[in-house]
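**Student:** Numbering (my numbering), first residue to last: 802 to 851. We put the beta carbon where it would ideally sit given N, CA and C, even for glycine. Sending over a structure as structure tokens; questions will come in a sec.
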């Protein structure tokens, strides 16, 4: 279950950033979603390497 969550989380963050952009949200929201996607992606990659 945790594997699935880590695999989907970066994509969800990117989709939320896209949605925030298209709806005209402020730049801090967009930056927060983009910034959150990278560490989760790295965690997913590290978990897959094991």
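For a test of the three-state rule: what should DSSP assign to residue 821, helix, strand or coil?
**Tutor:** Of the three classes helix, strand and coil, the one that applies to residue 821 here is helix, per DSSP.
**Student:** Using 7 Å as the threshold, is the C-beta distance between residue 806 and residue 845 below it?
**Tutor:** The answer is no: Cβ separation not under 7 Å.
**Student:** Provide the residue span of the alpha helix (DSSP H) that contains residue 850, from first to last.
**Tutor:** Here the alpha helix (DSSP H) through residue 850 covers 828-850.
**Student:** Let's test the definition: count the other Cβ atoms within 10 Å of the Cβ of residue 834 and tell me whether it reaches 16, buried, or not, exposed.
**Tutor:** It counts as buried.
**Student:** Could you tell me if residue 832 is buried or exposed, where buried requires 16 or more neighbouring beta carbons within 10 angstroms of its beta carbon?
**Tutor:** It counts as exposed.
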